[in-house]
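Inspection log for the structure reproduced underneath, given as structure tokens.
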Amino acid sequence: MSVFEYAPAPESRSIVTLRSHYGLFVDGEFTDGGGAPLKTVNPATEEVLGEVAVGTDADVDRAVRAARKAFTRVWGPMRPADRGKYLFRIARLLQERAREFAVLETLDNGKPITESRDVDVPLAAAHFFYHAGWADKLEHAGLGPAPRPLGVAGQVIPWNFPLLMLAWKVAPALAAGNTVVLKPAETTPLTALLFAEVCQQADLPPGVVNIVTGAGDTGRAVVEHADVDKVAFTGSTEVGKQIARSVAGTRKALTLELGGKAANIVFDDAPVDQAVEGIVRGIFFNQGHVCCAGSRLLVQESVHDEVIASLQRRIGTLRVGDPLDKNTDVGAINSPEQLARIRELVGIGEAEGAHAWQPEGDLPERGYWHKPTVFTDVTPAHRIARDEVFGPVLSVLTFRTPDEAVAKANNTTYGLSAGIWSEKGSRILAVADQLRAGVVWANTFNQFDPTSPFGGYKQSGYGREGGRTGLRAYLKES
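In the UniProt record's numbering, the protein residues as written are 1 to 478.
Here is the structure:
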């Protein structure tokens with residue numbers, strides 16, 4: 001088929017000033033780290049963007065002590081309305097510097113600039129706006145008559161939504177009166193460090209937010225520090241299990257938002273064109289680097305061929321390439337390690353007998369790339385239908401009845417999200433009520449709002465982020 005040819009429309013990177021070296025952000029200032037520095041790389045070009053400090057146990061201890069002092073002397077005693085003013089100020093600064101954040105996110109992460117610009121940054125600002133409004137109304141949130149902050153929150157975030165995951169965690173923690181020690185992912189630390197500049201620009205009291213960069217050992221030091229009152233983690237299920245074991249038996253509060261293998265269910269009465277757009281958004285948004293990605297497509301048998309044909313036509317129009325180009329639909333895979341895992345699972349899928357389809361076209365020579373991939377002839381026993389690929393890979397299964405759709409959708413160790421496509425509202429409600437998933441979308445997918453809680457069941461973790469429910473994780477009742 002013919003695809004429109006688009007002239008390049010690159011976003012300028014001149015708005016971003018890259019440094020040769022980035023330090024830790026502790027007690028309101030940038031400082032050196034005690035570990036051997038890491039290099040952070042543009043996954044689309046393999047260009048080294050900068051060298052990033054690595055926090056040691058001593059650095060983490062310094063950050064936690066700064067957070068404790070700020071909590072005890074400044075942030076905890078502060079009038080809630082005044083805390084809200086700081087959050088409003090941060091939200092406005094994120095909006096004012098939105099283009100800068102979007103370009104830096106795309107450079108460091110590999111996601112298309114349209115997603116950074118239109119989703120990640122606006123949603124991050126929205127979370128700070130939303131939680132700013134709650135700061136002086138917590139006693140009216142249904143969380144007890146006089147809810148109080150927990151203290152120091154240790155937060156570890158992943159590489160797929162670096163700025164947005166920061167906002168999901170930092171905003172409710174601050175609104176509830178806690179202070180924060182945050183550890184960004186080692187491959188995507190730059191927007192967190194730019195956020196540290198925003199904290200300075202907002203005159204946030206020193207020690208309220210501390211950002212300690214590094215790899216797994218740094219995150220472990222944050223989680224296991226004896227003076228951390230609350231741990232919040234978003235990432236892989238395996239690491240989440242390790243954190244749960246390390247926190248067990250302590251006084252620390254814990255929320256975990258882990259992996260997923262979401263079912264996107266298409267019934268025979270669904271509007272096919274609309275459903276196809278939702279399928280594409282569900283699995284190819286952010287290169288499939290989404291814990292709630294709709295990576296299992298369940299299609300009613302009678303419309304299977306029509307849906308797959310339409311889906312393949314649509315995928316054939318997706319443009320894979322330069323993430324800074326505003327015409328790009330699918331960007332780069334975040335790291336060579338993640339690309340190797342995607343390739344391994346795709347190979348296993350083919351070896352187990354599933355049929356892989358990819359659109360025509362060449363991939364860029366430099367960088368980490370993977371074509372959108374659709375597997376048909378998939379059974380629930382296939383690894384690609386059970387394991388989280390965390391890439392642009394879709395597995396298609398079929399069903400005949402709603403009961404079979406529910407059984408196959410729930411046949412997973414995960415329980416983070418699901419999607420339902422049907423013109424019948426009664427069917428949507430009936431099926432949604434039977435799905436063991438924390439979030440169920442109806443005739444849409446991957447829609448987020450700071451007022452709506454997000455989280456999962458089973459090996460997708462526990463606790464919720466967003467909305468009043470998400471505030472509960474950062475408060476204790478008097």
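No residue lacks a Cβ here, since even glycine has one placed at the ideal position from N, Cα and C.
Check, Outcome
"DSSP state of Y462, grouped into three classes?", "strand"
"Alpha carbon to alpha carbon, what distance is there between K39 and I384?", "32 angstroms"
"Rounded to a whole number of angstroms, what is the C-alpha to C-alpha distance between K408 and S426?", "20 angstroms"
"Is DSSP giving Y130 helix, strand or coil here?", "helix"
"Using the C-alpha atoms, what's the distance from G316 back to M1?", "Model confidence at M1 stands at a pLDDT of 48, short of 50, so the residue's coordinates are unreliable; what they give is reported in the following sentence. Taking the straight line from one Cα to the other gives about 8 angstroms."
"Between the C-alpha atoms of L254 and T234, what's the straight-line distance to the nearest angstrom?", "11 angstroms"
"Looking at the strands, I want to know which residues DSSP matches up with V152.", "T179"
"Nearest-angstrom Cα distance between G34 and T56?", "6 angstroms"
"Here's a check: name, in chain order, each residue in its chain whose Cβ is nearer than 7 angstroms to the Cβ of N286, leaving out the five neighbours to either side.", "K111, E115, N160"
"Quick check on the burial criterion: 16 or more other C-beta atoms within 10 angstroms. Buried or exposed for A153?", "buried"
"Considering only the alpha carbon of each residue, which of A430, A332, L394, T413 lies closest to L107?", "A332"
"For Y6, count neighbouring Cβ atoms within 10 angstroms of its own Cβ and tell me buried if that reaches 16, exposed if not.", "exposed"
"Just confirm the distance between the C-beta atoms of L297 and V396, as a whole number of angstroms; I'd bet it's less than 8 angstroms.", "5 angstroms"
"Can you pull the DSSP bridge partners for P10?", "D325"
"How would you label V192, buried or exposed, when you count the other beta carbons within 10 angstroms and need 16 or more for buried?", "Note that residue 192 is Ala in the sequence shown here, rather than Val. Buried."
"Tell me T398's beta-bridge partners as DSSP assigns them.", "V299"
"For a quick check, are the C-beta atoms of V60 and V156 less than 7 angstroms apart?", "no"
"By how many angstroms is the C-alpha of D322 removed from the C-alpha of L150?", "44 angstroms"
"Rounded to the nearest angstrom, how far is the Cβ of K183 from that of V222, given a contact under 8 angstroms?", "5 angstroms"
"Using 8 angstroms for Cβ pairs, my map puts N446 next to V290. What's the rounded Cβ distance?", "7 angstroms"
"Terminal residues of the continuous beta strand (DSSP E) containing K26?", "Correcting the residue identity first, residue 26 is Val in this sequence and not Lys. Element bounds for V26: 24 to 26."
"Please list, in chain order, all residues of the same chain as W134 whose beta carbon is under 7 angstroms from its beta carbon, the five residues on each side excluded.", "A141, A175, L471"
"Do R99 and I15 have their C-beta atoms within less than 7 angstroms of each other?", "yes"
"To the nearest angstrom, report how far apart L258 and S460 are at their CA atoms.", "5 angstroms"
"As an exercise, report each continuous alpha helix (DSSP H) stretch of at least 4 residues that is fully enclosed by the region 239 to 320, in chain order.", "272 to 284, 304 to 315"
"What first and last residue would you give for the beta strand (DSSP E) that runs through A135?", "It is not in any beta strand (DSSP E) - A135 carries neither H nor E in the DSSP assignment."
"Just to check, is the beta-carbon of R89 closer than 6 angstroms to a non-hydrogen atom of the ligand FAD?", "Looking at this structure, you won't find the ligand FAD or any other ligand, since it has none at all."
"Taking all protein chains shown into account, decide if G282 is buried (16 or more other Cβ within 10 angstroms of its Cβ) or exposed.", "buried"
"Which one of D229, M78, N334, V440 has the shortest CA to CA distance from T188?", "N334"
"Going by DSSP, what residues sit across from G35 in a beta bridge?", "V54"
"Taking contact to mean at least 3 C-beta pairs separated by less than 8 angstroms, is the region 302 to 321 in contact with the region 264 to 277?", "yes"
"In the DSSP assignment, find the alpha helix (DSSP H) that holds F375 and state where it starts and stops.", "Run containing F375: none in the alpha helix (DSSP H); it sits in the beta strand (DSSP E), 373 to 376."
"How should Q274 be labelled, buried or exposed, when 16 other C-beta atoms within 10 angstroms of its C-beta is the threshold for buried?", "exposed"
"Counting only the same chain and skipping the five closest in sequence on each side, list residues whose C-beta sits under 6 angstroms from that of A405.", "I265, L298, F399"
"For S20, count the other beta carbons within 10 Å of its own beta carbon; 16 or more makes it buried, fewer makes it exposed. Which is it?", "exposed"
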